[in-house]
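With the numbering used here as the guide, the letters of the sequence shown map in order to residues 1 to 312.
Reading through the structure tokens given below for one structure.
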Amino acid sequence: MTTRVQLTLLSCCAALALVATGCGRDDESGSDGGSLITADGSSTVGPFTTKAAEDWKASGGGDATVGISGTGGGFERFCAGETDISNASRQIDEEEIALCEESGIEYVELQVATDALTNVVSTSNDWATCLTVEQLGKVWGPGSKVTNWNQVDPSYPDVALKIYGPGTDSGTFDYFTDVINGEEGASRTDFSASEDDNVIVQGVAGSDGGLGYLGFSYFEENQDTLKALEVDGGSGCVEPSVAAAQDGTYTPLARPLFMYVKLGSLMDNQSVSDFVAYTLENAETIATEAQFVPLNAEQIAEQQQKLEGATS
Numbered sequence: 001m002t003t004r005v006q007l008t009l010l011s012c013c014a015a016l017a018l019v020a021t022g023c024g025r026d027d028e029s030g031s032d033g034g035s036l037i038t039a040d041g042s043s044t045v046g047p048f049t050t051k052a053a054e055d056w057k058a059s060g061g062g063d064a065t066v067g068i069s070g071t072g073g074g075f076e077r078f079c080a081g082e083t084d085i086s087n088a089s090r091q092i093d094e095e096e097i098a099l100c101e102e103s104g105i106e107y108v109e110l111q112v113a114t115d116a117l118t119n120v121v122s123t124s125n126d127w128a129t130c131l132t133v134e135q136l137g138k139v140w141g142p143g144s145k146v147t148n149w150n151q152v153d154p155s156y157p158d159v160a161l162k163i164y165g166p167g168t169d170s171g172t173f174d175y176f177t178d179v180i181n182g183e184e185g186a187s188r189t190d191f192s193a194s195e196d197d198n199v200i201v202q203g204v205a206g207s208d209g210g211l212g213y214l215g216f217s218y219f220e221e222n223q224d225t226l227k228a229l230e231v232d233g234g235s236g237c238v239e240p241s242v243a244a245a246q247d248g249t250y251t252p253l254a255r256p257l258f259m260y261v262k263l264g265s266l267m268d269n270q271s272v273s274d275f276v277a278y279t280l281e282n283a284e285t286i287a288t289e290a291q292f293v294p295l296n297a298e299q300i301a302e303q304q305q306k307l308e309g310a311t312s
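Below is the structure:
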């Protein structure tokens with residue numbers, strides 16, 4: 001399985017530059033004269049879009065910049081007209097919809113992959129293998145005072161609990177708090193937060209009592225230092241996996257991942273249209289190589305129809 005581009009690099013460099021072919025816009029052009037495609041948003045979806053851009057360029061396509069500012073930060077830029085594509089690990093919310101409407105930004109929502117949001121501990125943790133949704137809520141709920149593993153379960157040892165999670169601009173944060181705590185954004189605040197999932201990986205891996213949550217692909221890439229916990233959503237403990245995310249047994253933490261594409265960019269910039277069409281046509285391969293849960297053939301066809309309808 002192809003190793004994905006490390007987001008630490010993306011965070012330091014702000015973007016990965018590739019050059020796009022096709023009809024260009026006067027204000028933004030790649031090194032070959034073609035238009036530059038700009039994407040920003042979710043740190044979870046970012047590696048998927050980065051892989052799509054790498055493959056597209058290798059096939060003779062052109063250039064895109066892929067930024068990582070979190071789902072919320074990406075929508076802010078997108079609705080301000082600064083980007084062509086907004087990567088999102090949740091659907092656009094009402095405030096963001098209103099912001100885009102105020103700016104006259106129309107778009108098409110495309111699901112590109114599925115994720116199994118994963119709770120992780122250090123490989124040195126030999127006591128926890130499965131947590132219930134109720135236990136996760138006990139740890140992460142607003143005002144939680146849980147600071148030791150023996151408060152999560154009396155059978156666990158007296159080890160200080162150190163928790164790490166995405167920042168509030170992250171769609172992962174929004175989704176997790178919604179399904180675990182019952183309200184989007186409802187969470188304890190005394191945890192180490194970062195929009196860069198690699199920081200979460202390092203924090204959890206470096207602490208015997210560490211606990212965090214992140215996208216499945218980040219666990220896949222760091223299995224030598226992280227252990228994934230099973231989750232009991234009411235029907236028994238289920239391990240996060242591609243199969244469990246696809247068949248619906250990994251509840252409630254399996255979720256869709258999106259690319260939002262500006263209609264103006266699709267109509268005015270052939271590079272954007274070509275890149276998005278390429279991404280959907282190769283979505284299964286891209287997702288697999290970037291360590292995501294791929295869409296099935298029926299789901300891909302549905303997204304291709306949405307794109308065709310938006311551009312016709």
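Note that CB positions come from ideal geometry on N, CA and C, so glycine has one too.
Practice item. Measure the C-alpha to C-alpha separation of ALA58 and GLU220 and round it to an integer number of angstroms. Key: Cα atoms of ALA58 and GLU220: separation of roughly 25 Å, rounded to the nearest angstrom.
Check your understanding: Around the C-beta of GLU195, are 16 or more other C-beta atoms found within 10 angstroms, so that it is buried, or is it exposed?
Key -> Per the 10 Å Cβ criterion, buried.
Review point. Should ASP224 go down as buried or exposed, given a rule of 16 or more other Cβ atoms within 10 Å for buried?
Key: With fewer than 16 Cβ atoms within 10 Å of its Cβ, ASP224 is classed as exposed.
Practice item. Since I believe VAL261 is in contact with PHE108 (beta carbons under 8 Å), could you give me their beta-carbon distance rounded to a whole number of angstroms? Key: With the sequence shown as reference, residue 108 is identified as Val, and Phe is not the correct amino acid for it. Right, their Cβ atoms sit about 5 Å apart.
Check your understanding: Mapping DSSP to helix, strand and coil, what is ARG77?
Key -> Of the three classes helix, strand and coil, the one that applies to ARG77 here is helix, per DSSP.
Exercise for review: For MET259, count neighbouring C-beta atoms within 10 Å of its own C-beta (all shown protein chains included) and say buried if the count is 16 or more, exposed if not.
Suggested key: By the Cβ neighbour-count rule, MET259 is buried, with 16 or more other Cβ atoms within 10 Å of its own.
Exercise for review: Run the proximity test for ALA283: is its beta-carbon closer than 6 Å to any non-hydrogen atom belonging to the ligand NAD?
Suggested key: The ligand NAD is not part of the structure shown, which contains no ligands of any sort.
Point to revise | DSSP bridge partner residues for GLY212 (one or two, in chain order) | key: Note: GLY212 sits in a beta bridge opposite VAL120, TYR164.
Check your understanding: Among all the DSSP beta bridges, which residues are the ones paired with ARG188?
Key -> Looking at the DSSP output, ARG188 shares a beta bridge with no other residue.
Exercise for review: Enumerate in chain order the residues of its own chain whose CB-to-CB distance from LEU280 is below 8 Å, with the five nearest sequence positions on each side excluded.
Suggested key: Here the set comprises LEU110, VAL112, ILE300, GLN303, GLN304, LEU307.
**Study point:** CA-to-CA distance, VAL242 to ALA228, given in whole angstroms
**Key:** One alpha carbon belongs to ALA228, the other to VAL242, and they sit about 13 Å apart.
Check your understanding: Using the beta-carbon count (16 or more within 10 Å), is ALA128 buried or exposed?
Key -> Taking every protein chain shown into account, the CB of ALA128 has 16 or more other CB atoms within 10 angstroms, so this residue is buried.
Review point. Looking at the unbroken beta strand (DSSP E) that takes in SER273, where does it start and where does it end?
Key: Run containing SER273: none in the beta strand (DSSP E); it sits in the alpha helix (DSSP H), 270-281.
Review point. Hey, how far is the Cα of ASN269 from the Cα of THR65?
Key: Each residue's Cα considered, the two are about 15 Å apart.
Exercise for review: Please list, in chain order, all residues of the same chain as LYS244 whose beta carbon is under 8 Å from its beta carbon, the five residues on each side excluded.
Suggested key: The sequence as given places Ala at residue 244; Lys does not occur at that position. So the qualifying residues of the chain are ALA116, VAL238, TYR250, ALA254.
Point to revise | Of the residues LEU161, GLY41, SER271, the one placed nearest GLU91, counting alpha carbons only | key: Looking at the sequence provided, one finds Gln at residue 91 rather than Glu. The shortest C-alpha separation from GLN91 is found at GLY41.
Practice item. Between the Cα of ASP247 and those of ASN296, VAL139, PHE216, GLY62, spot the shortest distance and give me the residue it belongs to. Key: It is ASN296 whose Cα lies nearest to the Cα of ASP247.
**Study point:** For SER103, the first and last residue of its enclosing alpha helix (DSSP H)
**Key:** Its alpha helix (DSSP H) spans residues 94-103.
Review point. Do the stretch 271-291 and the stretch 90-105 make contact, defined as three or more Cβ pairs closer than 8 Å?
Key: The stretch 271-291 is not in contact with the stretch 90-105.
Review point. Any idea which residues DSSP pairs GLU106 with across the strands?
Key: Beta-bridge pairing by DSSP links GLU106 to no other residue.
**Study point:** Start and end residues, alpha helix (DSSP H) containing GLY137
**Key:** Its alpha helix (DSSP H) spans residues 133-140.
Review point. Beta-carbon separation of LEU131 and ILE163 under 7 Å?
Key: By the CB criterion at 7 Å, LEU131 and ILE163 fall outside the cutoff.
Practice item. Under 6 Å Cβ to Cβ from THR49, same chain only, skipping five residues before and after it: list those, please. Key: Hits under 6 Å: ALA39, VAL66, ASN87.
Practice item. Out of ARG188, ASP169, GLU183, state which residue places its alpha-carbon closest to the alpha-carbon of GLY143. Key: Ranking ARG188, ASP169, GLU183 by CA distance to the CA of GLY143 puts ARG188 first.
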